[in-house]
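>
In this note's numbering, the protein residues as written are 357 to 560.
(1) Rounded to whole angstroms, how far is the Cβ of residue 488 from the Cβ of residue 446, which I believe are closer than 8 Å?
(2) Is it right to say residue 558 is buried, meaning 16 or more other beta carbons lie within 10 angstroms of its own, or is it exposed?
(3) Spatial neighbours of residue 452 within its chain, please: C-beta separation below 7 Å, excluding the five flanking residues on both sides.
(4) Which parts of the stretch 443-473 are runs of the beta strand (DSSP E), unbroken and 3 residues or longer, counting only runs that do not cross its ends?
(5) Excluding sequence positions up to five away, which residues of its chain have a Cβ less than 6 Å from the Cβ of residue 532?
(6) Between the alpha carbons of residue 441 and residue 420, how many angstroms are there, rounded?
(7) Return the bridge partner residues of residue 515 from the DSSP annotation.
(8) Using the DSSP secondary-structure output, state which residues sit across from residue 539 in a beta bridge.
(9) Given that a residue counts as buried once 16 or more other Cβ atoms are within 10 Å of its Cβ, and exposed if not, what is residue 507?
(10) Near residue 511, what residues of its chain come up, given a Cβ to Cβ distance below 7 Å and the 5 sequence neighbours on each side ignored?
(11) Tell me the residue span of the beta strand (DSSP E) that contains residue 434.
(12) Could you name the residues that DSSP lists as bridge partners for residue 429?
(13) Does DSSP classify residue 504 as helix, strand or coil?
(14) Drop a sphere of 10 angstroms on the beta-carbon of residue 432, count the other beta-carbons inside from all chains shown, and report buried for 16 or more, exposed for fewer.
(15) Checking the sheet assignment: what are the DSSP bridge partners for residue 408?
(16) Any idea what DSSP makes of residue 528, helix, strand or coil?
(17) What distance in whole Å lies between the Cβ atoms of residue 514 and residue 543, which are believed to be in contact at a cut-off of 8 Å?
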């Protein structure tokens, strides 16, 4: 529990440093919003404690199941890469796949991490805290925020720089799995359609 609080404090400091890059000094409302978000994160972690204990006692899912979820095609893009088990030494079940279109250069990378076990449950708890906060930051062409997509609370990034369009979506599935999609030459709206096409039912 103490480790989690320390990590949350570190994340808060990092966020504050990013805000220092802005020309205007943060005002009273910024401070109030910051405290509110920290309270939400604390409440979310407290609510998640029972689930975290359940996850600690669970056996991580097999690589075969993860491979079946990350199918050979996603939204018309073909799977060009699949990898699983890299973090097994740390007691984590993870897998990632890349889906590409060679002609357009578009790419969607999908990663799944099982929150089962000691290590997995700790990482998931941090994501739960992050998702509980209502945040939005804009830096030139890049926007990062929390939002709800298809009824799921997500962390999103959208960079509209015409020279390097990219986006990402991170969420938790069934209070257990951390799922992330990252798009290259794909904006956030388009990435949302790939998220919709991702069938996670085999994880149930």
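We treat Cβ as the ideally placed atom computed from N, Cα and C, and that holds for glycine.
Taking the geometry as given:
(1) At roughly 25 Å, the Cβ-Cβ gap does not stay under 8 Å, so residue 488 and residue 446 are not in contact.
(2) Classification of residue 558: exposed, given that the 10 Å Cβ count is below 16.
(3) Excluding residues within five positions, the ones whose Cβ falls inside 7 Å are 439, 465, 466, 467.
(4) The stretch 443-473 contains these whole beta strand (DSSP E) runs: 450-457, 462-470.
(5) Correct list, in chain order: 471.
(6) So the two alpha carbons sit approximately 10 Å from each other.
(7) Bridge partners of residue 515: 498, 522.
(8) Checking the DSSP bridge columns, you'll see residue 539 partnered with 464, 523.
(9) Counting the other CB atoms within 10 Å of its CB gives residue 507 a total below 16, which places it among the exposed residues.
(10) Within the same chain, and ignoring the five residues on either side of residue 511 in sequence, the residues whose Cβ sits closer than 7 Å to its Cβ are 486, 487, 502, 526.
(11) Counting along the chain, residue 434 sits inside the beta strand (DSSP E) bounded by residues 433-440.
(12) Partner(s): 434.
(13) Shown here, residue 504 sits in a strand according to DSSP, grouped into three states.
(14) By the neighbour-count criterion, in which 16 or more other beta carbons inside 10 Å mark a residue as buried, residue 432 falls on the exposed side.
(15) Under DSSP, residue 408 takes part in no beta bridge, so it has no partner.
(16) Here residue 528 sits in strand by DSSP.
(17) Residue 543 to residue 514, Cβ: 6 Å. Contact.
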